[in-house]
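In what follows, a single structure is set out as structure tokens and then discussed.
What follows is the structure in structure tokens.
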């Protein structure tokens, strides 16, 4: 199946070009990881807290630090994504440990990512609402979980179909959402399988963290590595999908 082949291709691209992958990602990802570790070390009592006590909120400097962490991570991930797309599709870069920062392409990538994300969220909410309205009167409140699961799955398919605009922009090609949907027509099953494989692989990588009880230095280091793998795999699957479906490259 094409989805499985694309998933393997994304992994093989990383393994076959591991040196280049590290050179493209080490500096930006290292900066983001360093900021995240600094926040975790500075405010360990707030790390991992899902809901804060409204009567005892975290200090303002922690909130500011988390905002800085988020912004640095976003810039770093976009920097890596653009670099990896261009390396694989244009054979550009991957030679030095300071990857070029293409601000115009990174900014464009951010804009397109926000638009893709918005479209995905709108579709997810629409699908979930439709299922709940139609089936909840028959099957009760338990249908909500099913509705959101189906909606999330549909949204992931849409993400991969629209997502080809991201590597397109990274290599300097203008592509509209309509063109993306047109070029990926007939590949919904491919997108669905890619989504399932990526999610399953990510969850599998997270399993060993339970051995450390969800905390500790070993878990922190492991999560840094796992998040790097997740980032490269997410960018790699979009790169492989674009290369095969849009540019008609061989998948093998």
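In this note's numbering, the protein residues as written are 47 to 298. Each residue gets a CB set at the ideal place from its N, CA and C atoms; glycine is no exception. Values in this document were obtained by computation on a predicted structure and should not be read as measured data.
Span separating the alpha-carbon of residue i from that of residue j
i           : j           : result
residue 181 : residue 285 : 38 Å
residue 91  : residue 117 : 22 Å
residue 233 : residue 270 : 33 Å
residue 112 : residue 160 : 20 Å
residue 121 : residue 193 : 34 Å
residue 133 : residue 139 : 6 Å
residue 283 : residue 55  : 8 Å
residue 297 : residue 248 : 23 Å
residue 108 : residue 115 : 10 Å
residue 145 : residue 241 : 29 Å
residue 106 : residue 86  : 15 Å
residue 76  : residue 168 : 33 Å
residue 289 : residue 195 : 29 Å
residue 220 : residue 202 : 23 Å
residue 148 : residue 236 : 31 Å
residue 175 : residue 162 : 20 Å
residue 81  : residue 88  : 10 Å
residue 53  : residue 191 : 28 Å
residue 189 : residue 199 : 15 Å
residue 63  : residue 281 : 14 Å
residue 185 : residue 179 : 11 Å
residue 103 : residue 47  : 50 Å
residue 83  : residue 214 : 33 Å
residue 110 : residue 143 : 30 Å
Proximity to residue i [Cα-Cα], best of the options
i           : options               : result
residue 212 : 123, 103, 69 and 107  : 123
residue 65  : 297, 251, 292 and 278 : 278
residue 293 : 136, 53 and 109       : 136
residue 141 : 272, 239 and 69       : 69
residue 204 : 186, 173 and 103      : 173
residue 291 : 245, 226 and 275      : 226
residue 79  : 60, 119 and 110       : 119
residue 130 : 165, 216, 107 and 103 : 216
residue 230 : 214, 246 and 207      : 207
residue 51  : 243, 76 and 272       : 243
residue 222 : 157, 49, 47 and 190   : 157
residue 253 : 76, 108, 128 and 272  : 272
residue 228 : 143, 240 and 209      : 209
residue 224 : 85, 165 and 238       : 165
residue 218 : 167, 191 and 155      : 155
residue 177 : 197, 162 and 167      : 197
Assigned exposure category for residue i - 16 Cβ within 10 Å defines buried
i           : result
residue 170 : buried
residue 71  : buried
residue 183 : exposed
residue 267 : exposed
residue 151 : buried
residue 295 : exposed
residue 287 : buried
residue 187 : exposed
Any non-hydrogen atom of the ligand NAD closer than 7 Å to residue i Cβ
i           : result
residue 190 : Annotation note on the ligand NAD: not contained in the displayed structure, which lists no ligands.
Supposed contact pair residue j and residue i - C-beta distance, whole angstroms, cut 8 Å
i           : j           : result
residue 275 : residue 251 : 6 Å
residue 60  : residue 67  : 5 Å
residue 126 : residue 74  : 5 Å
residue 245 : residue 49  : Not really, about 13 Å apart at Cβ, beyond 8 Å.
Complete runs of the beta strand (DSSP E) confined to the segment 207-270 [at least 3 residues]: none
Runs of alpha helix (DSSP H) wholly within the segment 98-177 (minimum 4 residues, chain order): 106-136
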